[in-house]
Amino acid sequence: MFVFDQLRSRDIPIRVMTAFILCCMLLLTVGLWRLQVSAGNDYRDRQENQSIRAVRLPGTRGRILDRHQQPLAMNRLRFDVHMYIDELRSLFYTHYMRLKAGRRMSRPEQDELGRKARYQVVSNLTMQVSLLLGQPLILDREKFHTHYYKRRYTPMAVMQDLSTNQVAQFVEQVEPHAVPGVDLSVNPVRTYPKGDMAFHTLGYLRRDDDPDSGRENPFRFRYRLPDYIGVDGLEGIYDGLLRGEAGAKTIRVNNISYRTSEEVWLWPESGYDIALSIDRDIQLAAEAALHANGPETRGAVVVMDPRTGDLLALVSLPGFDSNKFISGFSREEITRLNDERLNRWLNRATGSGGVAYPPGSIFKLISAVAYLEGGVLDPTEKVYNPGYFRDTRLYPYYEVDDTAPPGDYDFIRAFKRSSNTYFIHYALKPDGRTDQWRQGKRVLLDWGNRFRLGQKTLTTLPGNLASPIRESGGYFPARDNEFKKKKNHLGKPISWAAGDVANLCIGQGEITVTPLQMAVMTSAVANGGKVLQPRLVTRVDSRQAFGQAQNKVIPVKVHDDLNLKPETVELLHRAMLADVADPDGSGRAARVPGLVIGGKTGTAQKMVPTGKFNPRTGVRLFRTDHITWFVSFAPIDSPRHVVVVMVESGETGTSPCAPIAGRIYRAIRNLERERK
């Protein structure tokens, strides 16, 4: 009332001062109302957000299964020992006071003593627990301090991946002692039961600490439980299906970042299971057969069902153990992994990274189809082979050695002895001075393209699924190709010559293929002319915890039907049978008692850089490497398996590829007997 009395005063300065004080009080009242009433909810939400930590919970990865539901990649339970820092506060204080011992200390000295006390408490507990588990550990000082200052609201991993014996010791020796702040946690972790089996097909994982890019999530994660992302192979290509959806839990902390409560807001969802056409037992047998050639063998094996296109085995050696990308590498393992000569990263079966190989004499299957379907080859007609092919009438001059001995050859003898002279004769028939070789070129290019050489065997799968394999299409000229791949010294394309067609018909020159393409080619010969799309993924199964599972089945697909004449197919089958069954066949080392096998060997030359240079000219030096092949199918009368073997740095088509194929067929025969 005194204030209002002053407003009625006749003294103008007093009235002005009183009015000013009233205005200030009014403004202060309005400001307090705005802070406490109007904006109170905003400040309350902000305070709550500052006390909440969002933790990302990874989904469990889906399994990768073989055709018999045997696991190729799965999840196992990993037992870890964790330390809960927020349960040790009383121990920190007690030990701190013991170290201080009543001394007067400055603030920085108290902070440093607190750091020391906390580390000693946790270090002693770590040593106590690890000794009880038979694995003494010294706690890393920096690791502890980093965890304490940045993530003290989450448990700190002390020991990871305990063995079964250590888990039993923990239950028997650690839990009864009630060691404060220590607990055993169980987490799913990816594992590959057969180690390095199908390394290039399955792929591998690497640690992923990037923000979640999957399901839209309202949280900004302050912490992520360990998670992995697929790299290469099926793990990489289908990572989105296998990985599932991450969830989130929130941890409420107090003003010094200790946990007070936690709640799961969003449960993670499991990934999808993926079923493959691979037969794990055949895959293991194929890898063992290729390994038997030597510990540093560089090669590939493809086993395919010529009726459906199912890939029963897809082998590329050397490989690596996919488990090591999760558990970690030793220095020796890192050296092995990065060996440039062995180049374990290449998938030699599919040509990932652009690698492809000259086919050599296995291309004679396509040449034979072209000649027989075109009616230019009489199987009974004999062609004399002097042990080489030489024709001075050709331009440029052309000469090639023939590994088959001199003599007269009909089709079957020329096929099983792999006579170059015989096949070149029909490619250039009737002589090199006419344009007949141009017609031979067109026929060979046409049939090579009909067998889909130069193209990837797999495209996008039905249901918007990506191709499950990274592969190379190799190189094969188009039907209307008028120039060779190489160019002259002026950079201009070089036209085809008769010698180029002669090289083409025996699988030499610039063409390159992959073992997977050769499996498709051999399957087409085996099944009578159907060019199949290889099938690796057969089904994708939902593994969601709730809701009805939705399965997606990948159907069999035929790229093309060559409509081969029955007599052509029958003659090729007899010729391939002779190559394995006859005593003078180049593939006789593949014979297996009780199984009728047809095959074709091949050897090609490839120029490989040595890594050295001519000291005078500075030109890179190359060496000649032999690529050996064996393509086959069995049984002849009702083909069920196609086996293609390729080995780098081999000697001839007979060794080592045919014996490797024989070991695989022997294993297949035994498996079929066991499964009956």
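Take the sequence shown: its position 17, counting from 1, is numbered 17 in the working numbering, and each next residue is one higher. Even for Gly, the Cβ is constructed at its ideal location relative to N, Cα and C. None of these values were measured; they are calculated from a predicted model.
Beta-bridge partners assigned by DSSP to isoleucine 229: Arg206. Assignment of beta-bridge partners to methionine 97 by DSSP yields no partner.
Check the Cα spacing between aspartate 321 and each of Trp345, Val301 and Ala300: the tightest is with Trp345. The three-state secondary structure of glycine 309, taken from DSSP, is coil. Rounded to the nearest whole angstrom, the C-alpha separation of alanine 168 and threonine 191 is 22 Å. Distances from the CA of leucine 453 to each of Ala498, Thr522 and Ser419 were compared; the closest alpha carbon is that of Thr522. Shown here for leucine 77: same chain residues with a beta carbon closer than 7 Å to its own, the five before and five after excluded, namely Val186 and Pro188 in chain order.
For the set Thr350, Gly328, Glu333 and Leu131, the Cα lying nearest the Cα of arginine 206 is the one of Gly328. For the pair leucine 113 and tyrosine 96, the CB atoms are nearer than the 8 Å cut-off. With contacts defined by Cβ atoms closer than 8 Å, valine 642 and phenylalanine 630 do not form a contacting pair.
Within the same chain, Cβ atoms closer than 8 Å to the Cβ of arginine 591 are found at Val580, Ala581, Ile597 and Gly662, the five residues on either side in sequence being excluded. Under the three-pair Cβ rule at 8 Å, the segment 351 to 370 counts as touching the segment 505 to 519. Excluding the 5 residues flanking it on each side, leucine 266 has same chain C-beta neighbours closer than 6 Å at Gly247 and Ala248, in chain order.
Serine 419 counts as buried, since no fewer than 16 other beta carbons sit within 10 angstroms of its beta carbon. Its chain contains Leu132 as the residues whose beta carbon lies nearer than 6 Å to that of glutamine 173, once the 5 sequence neighbours on both sides are disregarded; these appear in chain order. The beta carbon of threonine 380 sits closer than 7 Å to the beta carbons of Asp410 from its chain, once the five residues preceding and following it are set aside; these are given in chain order.
Of all C-beta pairs linking the segment 115 to 122 to the segment 77 to 90, three or more are shorter than 8 Å, placing the two stretches in contact. The Cβ-Cβ distance between serine 472 and serine 352 falls below 8 Å. If you look at alanine 157, you'll find it in the beta strand (DSSP E) that goes 156 to 159. Across the structure, threonine 126 and glutamate 235 are spaced so that their CA atoms are roughly 36 Å apart.
Rounded to the nearest whole angstrom, the CA to CA distance from leucine 458 to arginine 675 is 31 Å.
Using a C-beta cut-off of 8 Å, the segment 398 to 405 makes no contact with the segment 564 to 579, since fewer than three inter-stretch Cβ pairs fall below that distance. Counting every other CB atom within 10 Å of its CB across the protein chains shown gives cysteine 23 a total below 16, marking it as exposed. The C-beta distance from alanine 589 to alanine 658 rounds to 4 Å, short enough to fall under 8 Å.
With distances taken between CA atoms, leucine 577 lies nearest to Arg417 out of Leu241, Arg417 and Gly354. Every unbroken stretch of the alpha helix (DSSP H) spanning 4 or more residues and falling wholly within the segment 398 to 434 is given here in chain order: 411 to 416 and 420 to 428. Exclusion of the five residues before and after arginine 666 leaves Val592 as the residues of its chain whose Cβ lies within less than 7 Å of its Cβ. A distance of 8 Å or more separates the beta carbons of tryptophan 437 and valine 369.
With fewer than 16 other Cβ atoms from the protein chains shown falling within 10 Å of its own Cβ, leucine 27 counts as exposed. Assignment of aspartate 378 by DSSP, reduced to helix, strand and coil, places it in the coil class. In this structure, the CA atom of glutamine 160 is about 20 Å from the CA atom of tyrosine 204.
Secondary structure at aspartate 480: coil, using DSSP grouped into helix, strand and coil. Distance from the Cα of arginine 61 is smallest, within the candidate group Leu162, Asp239 and His200, for Asp239. Linking alanine 524 to isoleucine 282 through their CA atoms gives a straight-line distance of about 21 Å. Rounded to whole angstroms, valine 16 and proline 108 show a C-alpha spacing of 54 Å. Rounded to whole angstroms, the separation of the alpha carbons of phenylalanine 199 and serine 163 is 25 Å.
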